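Asker:
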């Protein structure tokens, strides 16, 4: 079966995208929601790591390419409408969020306000520092 | 704090929507991805059950209104970009999918094809049958 078949069976939006949820295979936590186009999903399978489409930068984005926080992909699922992807991942560093937290979903609604309920594991300045 | 504040802090898309992921609080499984507009999220909080915006029917959709498979909401989280919602839910009947499966994500990519890897718990004809 050619690669085109399973990629064709995804219900891409008019913009050619689907949302992709990454779930930690160990903690079970939902880590991120990002977007994939056809090339991103094909690359994810080919490389075994999460590759997304950055809508703001309009380019492929290999998760962890700057931070080192790669999402190694164990399984890829599709939902009944074939328009959402679910990745089971091994999260490099145990940190998915650019704020240095395990998960991007660290805000919880409590008493009518969004509260930060998860700890910062690593200071973002240490994650993203570059050799000058 | 008025209701408007926390609703205003969500980054609604140009269409006024955000994706909402429902995760089973017991099994940890990702059950569904659906969409919410402002009214759907406000109703979810007010009613303690998942209320989505059906993009195809263009109306509010109280999950389980036909099937009985209500998603009772325990916590509501928001991600760092404030444009995706994560619900921790107690899934009535243990079935979230209209196909009678626990989760909508029952297709897994294996050897270049999407395979049905989860069992049907209840025949959809029995879920949706109506008194005539």
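Residue numbers (my numbering), protein chains in the order written: chain A, 3 to 134; chain B, 3 to 134.
Where a beta carbon is used, it is the ideal one built from N, C-alpha and C, also for glycine.
Please read these numbers as outputs of a predicted model, since none were measured by experiment.
Check the Cβ-Cβ distances between residue 30 of chain A and every residue of chain B, and say whether any is below 7 Å.
Answerer: Taking Cβ atoms only, chain B reaches closer than 7 Å to residue 30 of chain A, which makes this a yes.
Asker: Which of the three DSSP states, helix, strand or coil, is assigned to residue 101 of chain A?
Answerer: Residue state, collapsed to three classes: coil.
Asker: So residue 116 of chain B contacts chain A; which residues on that side make the cut at Cβ distance below 7 Å?
Answerer: Near residue 116 of chain B (Cβ distances below 7 Å), the residues of chain A are 8, 11 and 80.
Asker: Under 7 Å, do residue 86 of chain A and residue 20 of chain A count as touching if we go by C-beta distance?
Answerer: In contact: residue 86 of chain A and residue 20 of chain A (Cβ atoms closer than 7 Å).
Asker: How is residue 23 of chain B classed by DSSP in three states: helix, strand or coil?
Answerer: Of the three classes helix, strand and coil, the one that applies to residue 23 of chain B here is strand, per DSSP.
Asker: Can you give me the Cβ contacts of residue 71 of chain A inside the same chain, cut-off strictly under 6 Å, excluding the 5 residues immediately before and after it?
Answerer: Excluding sequence neighbours, residue 71 of chain A sits near 94, 95 and 97.
Asker: Residue 115 of chain B by DSSP, collapsed to three states: which one?
Answerer: Strand.
Asker: Does any CB atom of chain B fall closer than 7 Å to the CB of residue 88 of chain A?
Answerer: Yes, contact with chain B.
Asker: What residues in the region 95-108 of chain A bring their beta carbon closer than 9 Å to a beta carbon of chain B?
Answerer: Hits within the stretch, in order: 99, 100, 101, 103, 105, 106, 107 and 108.
Asker: Could you check which residue in B:52, B:90 and B:47 has the C-alpha nearest to that of residue 37 of chain B?
Answerer: Comparing Cα positions, the closest option is B:52.
Asker: Between the region 44-60 of chain A and the region 78-92 of chain A, can you find at least three pairs of beta-carbon atoms closer than 8 Å?
Answerer: Touching, yes.
Asker: From which residue to which residue does the alpha helix (DSSP H) around residue 130 of chain A run?
Answerer: Here the alpha helix (DSSP H) through residue 130 of chain A covers 126-130.
Asker: Which ranges does the alpha helix (DSSP H) cover as unbroken runs of at least 4 residues, wholly within the region 24-106 of chain B, from first to last along the chain?
Answerer: Here the runs fully enclosed are 40-49.
Asker: Within 8 Å, do at least three Cβ pairs link the region 104-124 of chain A to the region 39-50 of chain A?
Answerer: No, because fewer than three Cβ pairs between the region 39-50 of chain A and the region 104-124 of chain A fall closer than 8 Å, the two stretches do not touch.
Asker: With 7 Å set as the bound, which would you pick, yes or no: does the beta-carbon of residue 123 of chain A sit closer than that to a beta-carbon of chain B?
Answerer: No, because no Cβ of chain B sits closer than 7 Å to the Cβ of residue 123 of chain A.
Asker: Are the C-beta atoms of residue 25 of chain B and some chain A residue less than 7 Å apart?
Answerer: Output row for residue 25 of chain B: interface = yes.
Asker: At the level of alpha carbons, what is the spacing between residue 108 of chain A and residue 122 of chain B?
Answerer: Approximately 33 Å between the Cα atoms of the pair.
Asker: Can you round the beta-carbon distance between residue 68 of chain B and residue 27 of chain B to whole angstroms, since I take them to be within the 8 Å contact cut?
Answerer: Contact flag wrong, Cβ pair sits at about 23 Å.
Asker: Between residue 19 of chain A and chain B, is the shortest Cβ-Cβ distance under 7 Å, so that the two count as touching?
Answerer: Not closer than 7 Å to any Cβ of chain B, the Cβ of residue 19 of chain A fails to qualify, so no.
Asker: For residue 17 of chain A and residue 57 of chain A, I'd like the C-alpha separation in whole angstroms.
Answerer: So the two alpha carbons sit approximately 10 Å from each other.
Asker: Going along the chain, which residues of the region 38-69 of chain B sit with their C-beta nearer than 8 Å to a C-beta in chain A?
Answerer: Those would be 47, in chain order.
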